[in-house]
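Numbering (the numbering used here), first residue to last: 6 to 248. We put the beta carbon where it would ideally sit given N, CA and C, even for glycine.
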Amino acid sequence: MSAPNPVLRSDGISMSFGSFNVLSDISVSVGTGEIVGVLGPNGAGKTTFMNLLTGALAPTAGRVELLGRDVTRLDTAGRCHLGLGRTHQVPRPFLGMTVFENVLVAVTQGRDVPAADPIATAWDVLDQTGLAEVANRRGETLGLLDRKRLELSRALATDPKVLLLDEIGGGLTDVEGDALVALILKIHDRGVTIIWIEHIMRLLMQTCTRLICMAEGRVLADGEPKDVVESEAVQVAYFGAAA
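Structure below.
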């Protein structure tokens, strides 16, 4: 699906490791203000796709555009400074630093334009994500939900225009998942465009304005969430059987 005036776009990107093709000719554009969900079975190429969008990998073919600029050969830090934030599937906090220090590093190092008051900005992010009460705890002491919140906090602290979430809902209880959905919708309400890769379809259906299903390194379906999940091709690819 083509979005008018896309903030993030992939144009025919492919990725191969030797003779093994992971992604083939992926063209996706995301418009301002969308919440786009990406789902698919294991091995569909979802995380590789995210790594190509963020600059962790360089495609073997095709190009990536961010805010109208070709960033195909720009590294992760450069894309972050342009306004592309991401979380990782496995949270990666600085374990020996406090929650506040983790976020302060992102505020001071991840922005193109420095925050006028880095300390106040870090506190504002922690207030948004519900971590202010544990700001002085070391990263290594946090449980899974708070580590995921800290991962999200560090991404938000870079002041992203586009935020990519990589299976941030994995391992959470239903109650924790609902809390995560509420937080993501609140972030979206502040004007952030979101792309969310997730296995838990319930979470995507509660948040996304558009859904992309990938299978075997290709885009299988792209459109309204209800239409995508009811597609027979998606049912077969994702659930292993026709509806």
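*asked:* Which complete alpha helix (DSSP H) runs does the region 160–185 hold, if anything under 4 residues is left out?
replied: none
_Neighbourhood of T59 by C-beta distance below 7 angstroms, restricted to the same chain and skipping five residues each side_ = T81, R84, L89, R91, L169
*CA-CA distance, C218 and V224?*
Taking the straight line from one Cα to the other gives about 6 angstroms.
_Please report the straight-line C-alpha distance between L208 and A184, rounded to a whole angstrom._
Note on geometry: alpha-carbon atoms of L208 and A184 lie some 10 angstroms from one another.
*Range covered by the alpha helix (DSSP H) that runs through M210*: 206–212
_Residue of A49, L157, E237 minimising C-alpha distance to I199_ = L157
*CB-CB under 8 angstroms to G17, same chain, minus the five flanking residues each way: which ones, in chain order?*
D30, I31, S32, A66, G67, R68, listed in sequence order.
_For a minimum of 4 consecutive residues, which ranges assigned as the alpha helix (DSSP H) are wholly contained in the region 46–89?_
51–59, 81–87
_Neighbour-count burial assignment, T163, 16 or more Cβ in a 10 Å radius_ = buried
*In chain order, which alpha helix (DSSP H) runs of at least 4 residues are fully inside the region 125–150?*
None, since the region 125–150 contains no complete alpha helix (DSSP H) of that length.
*DSSP three-state call for N107: helix, strand or coil?*
It is helical.
_Quick check: what's the CA-CA separation for G73 versus S236?_
32 angstroms
*asked:* Quick check on the DSSP output: the alpha helix (DSSP H) that includes P96 runs from which residue to which?
replied: Per DSSP, P96 belongs to no alpha helix (DSSP H) and is neither H nor E.
*Which residues in the same chain have their Cβ closer than 8 angstroms to the Cβ of F25, if we skip the five residues on either side of it in sequence?*
none
_Nearest-angstrom Cβ-Cβ length linking C213 and V41, presumed shorter than 8 angstroms_ = That belief holds up - the Cβ atoms of C213 and V41 are roughly 6 angstroms apart, short of 8 angstroms.
_Sheet register partners of T198 (DSSP bridge)_ = V167
*6 angstroms Cβ shell around I258 - same chain, five flanking residues per side excluded*: Here the chain covers residues 6 to 248 and nothing more, so residue 258 does not appear.
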